[in-house]
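Q: So that we are looking at the same thing, I have put the structure below in structure tokens.
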Amino acid sequence: MFRIIILACLTLAGFHAPLPADENGPAARAVHTALANIEAWNDELRAVIAVNPEALAAARSLDRERLEGAVRGPLHGAPVLIKDNIETRELPTTAGSLALADNRTGRDAAVTERLRAAGLVIIGKANLSEWANFRSERSSSGWSAVGGQARNPHDPRRTPCGSSSGSAVAVAAGMVPLAIGTETNGSVICPSAVNGIVGIKPTVGLVSRRGIVPIAHSQDTAGPMAATVRGAAQLLTVLAGPDPADEATKNAAAHFGRDYAASLRLDGLEGKRIGVVRSLAGFHEGVDEQLERAVADLRAAGAEVLDELAFPEPADDYGEASYDLLLFEFKHDLNAYLAALPGAANELTLEKLIAFNRRYAEREMKWFRQEIFLLAQQKAGLDSPDYLSARDRVQSFTRNAIDGLLAEHGLDALVSPSNTPAWVIDRVVGDRGLGGSSSFPARAGYPHITVPMGFVHGLPVGLSFYAGAFSEPLLIEAAYGYEQATRHARPAAGYGGWKPRQGQAAESE
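The opening residue of the sequence shown carries number 113 in the numbering used here; numbering runs sequentially from there.
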């Protein structure tokens with residue numbers, strides 16, 4: 113039988129007590145504040161699945177290091193929330209599923225190791241769309257059986273998008289300054305955009321995936337989420353690095369050791385040639401109005417803007433090929449990950465997860481089913497000609513589309529709207545997003561940054577910056593220049609003391 117360890121079941125009473133004078137360093141204060149904010153607001157927002165019982169002790173240890181003159185870096189002592197498909201030694205890694213509620217691996221993912229080494233404090237685990245939104249085609253972003261329904265702090269009736277839902281909500285509501293998400297297609301970008309924060313989806317291979325519950329190795333990556341481009345860039349510096357256990361990092365060897373904060377230039381748009389991909393716009397008139405303002409802002413900040421660009425139309429069966437790619441890799445990658453887990457969880461397989469969900473259908477499948485699991489289970493191995501064809505077609509089409517526009521017009525980067533405004537949560541019907549920019553860079557394995565672009569009926573929308581492989585420094589320059597020129601970021605109402613608007617409090621889960 114599974115046990116669920118969620119924040120609502122934990123007592124944080126001790127965190128409200130004043131810190132002793134000799135333990136009142138900056139890290140301890142930051143962690144104390146974050147834990148108190150999580151306790152105060154998480155019942156409504158459901159952003160956090162579990163808190164780290166060792167967080168304050170870690171913060172105090174880091175404060176002692178600071179007093180001794182040993183500062184590990186600019187994020188020394190900063191609290192960070194980690195999506196609950198990323199392993200941490202103190203807490204279960206559940207992917208939001210009851211099947212993994214007891215999955216205490218006792219080890220850290222590669223990104224968790226790097227965060228600790230840089231002096232960050234793991235504050236807890238973030239709620240997410242269960243199985244990173246790869247169980248059902250009719251899912252509700254931000255819902256998991258372990259964590260319940262995460263909610264957008266700008267309007268709790270509305271979606272936080274996903275699958276890195278809790279990571280984005282916690283930053284947007286002021287629970288934590290920094291968070292880690294993961295993305296296969298849109299799972300960092302969409303929640304960052306609809307919650308009004310900054311998200312970076314790195315080039316595949318720049319950040320190790322070891323210790324992360326997978327979907328598809330062709331597209332999976334972890335990435336930073338923060339209130340500002342500065343915070344996201346500093347966090348990316350920490351996350352990027354080699355790992356012999358992840359073959360994809362070998363392709364990034366020439367790009368490790370960079371300080372991405374060095375790209376934070378106020379004149380980051382000056383002289384940049386930016387292309388506007390209009391074929392990824394036009395799905396919402398309010399978003400289009402914000403895009404027009406963004407184009408004017410880019411020009412005012414010194415960019416040369418080439419408008420009215422479009423990606424080529426894919427073949428009729430391209431969508432099916434891109435879906436097949438994920439299904440093939442999901443079955444292979446998830447089974448391999450589960451088999452390598454310590455303890456009883458290593459007996460799980462995708463087939464057994466399907467059976468588990470049927471057994472506990474009232475809790476796992478109350479709102480939606482597991483069609484994606486069933487489709488993936490039917491797939492053959494990665495030596496299948498169908499898989500190899502799908503992989504090559506999808507990657508070549510998306511890479512040629514992005515690289516082709518950049519080369520044809522001599523561009524530094526492309527921009528387009530990140531997302532639709534947040535839709536009303538509907539766990540019966542499922543998600544209802546209208547459009548966005550995630551798929552091309554995600555399928556290409558290329559970097560993608562979203563920055564707040566403005567508001568539509570009080571709901572944040574983002575502007576996407578993307579380009580070729582390992583172009584993160586250039587994209588950060590452009591994104592930071594835009595952010596500083598426009599200052600569109602706006603905290604959710606009550607930031608630093610969040611409360612639901614009257615009549616909009618979340619119902620019991």
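Just so you know, even glycine gets a beta-carbon here, dropped at the ideal spot from N, CA and C. All values reported here derive from a predicted model rather than from experimental measurement.
1) For the structure I just gave you, are there three or more beta carbon pairs, one from the region 389-403 and one from the region 524-537, closer than 8 Å?
2) Alpha carbon to alpha carbon, how far is F368 from D355? Give it in angstroms, no decimals.
3) With H, G and I counted as helix, E and B as strand and the rest as coil, what does DSSP make of V233?
4) How would you label R555, buried or exposed, when you count the other beta carbons within 10 angstroms and need 16 or more for buried?
5) Can you tell me the Cα-Cα spacing of L487 and L439, whole angstroms?
6) So V258 and L210 are in contact, right, with Cβ under 8 Å, and what is the actual spacing, rounded?
7) Could you give the residue range of the beta strand (DSSP E) that holds H560?
8) At 3 residues or longer, and completely inside the region 347-417: list those beta strand (DSSP E) runs for me, N to C.
9) Any contact between the region 509-524 and the region 276-288? By contact I mean 3 or more CB pairs, one from each, below 8 Å.
10) In terms of residue numbering, what span does the beta strand (DSSP E) encompassing E295 cover?
11) Within this structure, are the beta carbons of L157 and P289 separated by less than 8 Å?
12) Kindly indicate which three-state DSSP category I484 falls into: helix, strand or coil?
13) Determine whether the beta carbon atoms of A374 and R342 lie at a separation below 8 Å.
14) Are the beta-carbon atoms belonging to L348 and E584 less than 8 Å from one another?
15) Which word fits R172, buried or exposed, when buried means at least 16 other C-beta atoms lie within 10 angstroms of its C-beta?
16) Can you pull the DSSP bridge partners for L193?
17) Please classify F242 as buried or exposed, where buried requires at least 16 neighbouring CB atoms within 10 angstroms.
18) Verify whether the separation of the beta carbon atoms of A170 and V233 is less than 8 Å.
19) Going by alpha carbons, who is nearest to G387 out of A148, E520 and P204?
20) Is it the case that the Cβ atoms of S253 and T271 are separated by a distance below 8 Å?
21) Which whole-angstrom value describes the C-beta separation of N239 and S251, a residue pair presumed to lie in contact below a C-beta threshold of 8 Å?
22) Would you kindly check if the distance between the Cβ of K313 and the Cβ of G335 is under 8 Å?
23) Count the other C-beta atoms from every protein chain shown that fall within 10 angstroms of the C-beta of H569, then say buried if there are 16 or more, exposed otherwise.
24) Can you grab the Cα-Cα spacing for the pair N215 / K478, in whole Å?
25) Buried or exposed: P424, going by 16 or more other Cβ atoms within 10 Å of its Cβ?
26) Could you give the first and the last residue of the continuous alpha helix (DSSP H) run that contains Y435?
27) Can you tell me which of the three DSSP states F552 falls into?
28) Alpha carbon to alpha carbon, what distance is there between Q596 and V183?
29) Mind listing, in chain order, the continuous beta strand (DSSP E) runs of no fewer than 3 residues lying wholly within the region 147-176?
30) Please confirm if the region 565-581 is in contact with the region 300-314, defined as three or more CB-CB distances below 8 Å between the two stretches.
31) DSSP three-state call for E420: helix, strand or coil?
32) Taking V310 as part of the beta strand (DSSP E), name the residues at either end of that continuous run.
33) Please list the terminal residues of the continuous beta strand (DSSP E) segment that includes F577.
34) Checking the sheet assignment: what are the DSSP bridge partners for P336?
35) Going by CA-CA distance only, name the one from H329, L465 and L227 that's closest to V192.
36) When burial is assigned at 16 or more other CB atoms within 10 Å of the CB, is P622 buried or exposed?
A: Put simply:
1) yes
2) Walking along the sequence shown from the start, residue 355 turns up at place 243. Walking along the sequence shown from the start, residue 368 turns up at place 256. If you take the alpha carbons of D355 and F368, they lie about 11 Å apart.
3) Position 121 of the sequence shown, counted from the first residue, corresponds to residue 233. Strand at V233.
4) Within the sequence shown, numbered from 1, the residue matching residue 555 stands at position 443. The residue is buried, with at least 16 neighbouring Cβ atoms inside 10 Å.
5) Here residue 487 refers to the residue found at position 375 of the sequence shown. Here residue 439 refers to the residue found at position 327 of the sequence shown. For L487 and L439, the distance between alpha carbons rounds to 7 Å.
6) Within the sequence shown, numbered from 1, the residue matching residue 258 stands at position 146. Within the sequence shown, numbered from 1, the residue matching residue 210 stands at position 98. About 6 Å separates the two Cβ atoms, so the contact holds.
7) By 1-based counting over the sequence shown, the position of residue 560 is 448. That run of the beta strand (DSSP E) goes H560 to V568.
8) 385-389
9) no
10) Counting from 1 along the sequence shown, the entry for residue 295 is found at position 183. Start and end: L290 to E295.
11) Stepping through the sequence shown from its first residue, residue 157 is reached at position 45. Stepping through the sequence shown from its first residue, residue 289 is reached at position 177. Not in contact: L157 and P289 (Cβ atoms no closer than 8 Å).
12) Taking the sequence shown and counting its residues from 1, one reaches residue 484 at position 372. Looking at I484 - three-state DSSP - the assignment turns out to be helix.
13) On the sequence shown, position 262 is the one that residue 374 refers to. On the sequence shown, position 230 is the one that residue 342 refers to. No; because the gap between Cβ atoms is not below 8 Å, this pair is not in contact.
14) Position 236 of the sequence shown, counting from 1, holds the residue named residue 348. Position 472 of the sequence shown, counting from 1, holds the residue named residue 584. Their beta carbons are under 8 Å apart, which means L348 touches E584 by this criterion.
15) Working through the sequence shown from its first residue, we reach residue 172 at position 60. Counting Cβ neighbours within 10 Å, R172 comes out buried, since at least 16 surround it.
16) For the purposes of this step, residue 193 is taken as residue 81 along the sequence shown, with counting starting at 1. BP columns for L193 point to G236 and A291.
17) Along the sequence shown, one-based indexing puts residue 242 at 130. At residue 242 the sequence reads Glu, which differs from the Phe that was named. Answer is buried; the Cβ neighbour count reaches 16.
18) The sequence position of residue 170 within the sequence shown is 58, counting from 1. The sequence position of residue 233 within the sequence shown is 121, counting from 1. Yes, Cβ-Cβ distance for A170 and V233 is below 8 Å.
19) By 1-based counting over the sequence shown, the position of residue 387 is 275. Looking at the Cα atoms, E520 is the closest of the given residues.
20) As a position in the sequence shown, residue 253 is number 141, starting the count at 1. As a position in the sequence shown, residue 271 is number 159, starting the count at 1. A contact, by the Cβ cut-off of 8 Å.
21) Position 127 of the sequence shown, counted from the first residue, corresponds to residue 239. Position 139 of the sequence shown, counted from the first residue, corresponds to residue 251. Not really, about 14 Å apart at Cβ, beyond 8 Å.
22) Counting from one through the sequence shown, the residue named residue 335 turns up at place 223. Counting from one through the sequence shown, the residue named residue 313 turns up at place 201. Result yes, Cβ atoms of G335 and K313 sit closer than 8 Å.
23) In the sequence shown, the residue the question calls residue 569 occupies position 457. Its Cβ having fewer than 16 others within 10 Å, H569 is exposed.
24) Taking the first residue of the sequence shown as 1, we reach residue 215 at position 103. Taking the first residue of the sequence shown as 1, we reach residue 478 at position 366. Approximately 23 Å, taken between the alpha carbons.
25) What you label residue 424 is simply residue 312 of the sequence shown in a count that begins at 1. P424 comes out exposed.
26) Locating residue 435 in the sequence shown gives position 323, where the first residue counts as 1. Where Y435 is concerned, the enclosing alpha helix (DSSP H) stretches over Y430 to A451.
27) By one-based count along the sequence shown, residue 552 stands at place 440. Three-state result, F552: helix.
28) By one-based count along the sequence shown, residue 183 stands at place 71. By one-based count along the sequence shown, residue 596 stands at place 484. Taking the straight line from one Cα to the other gives about 28 Å.
29) 160-163
30) yes
31) On the sequence shown, residue 420 is found 308 positions in, with the first residue counted as 1. DSSP places E420 in strand when its eight states are reduced to three.
32) The count along the sequence shown starts at 1 and reaches residue 310 at position 198. Counting along the chain, the beta strand (DSSP E) containing V310 begins and ends at V310 to K313.
33) Numbered from its first residue, the sequence shown carries residue 577 at position 465. L571 to Y578 is the span of the beta strand (DSSP E), which, as asked, contains F577.
34) By one-based count along the sequence shown, residue 336 stands at place 224. In the DSSP output, where bridge partners are listed per residue, P336 has I292.
35) On the sequence shown, position 80 is the one that residue 192 refers to. For the residues H329, L465 and L227, the minimum Cα distance to V192 belongs to L227.
36) Residue 622 is absent from the model: the chain starts at 113 and stops at 621.
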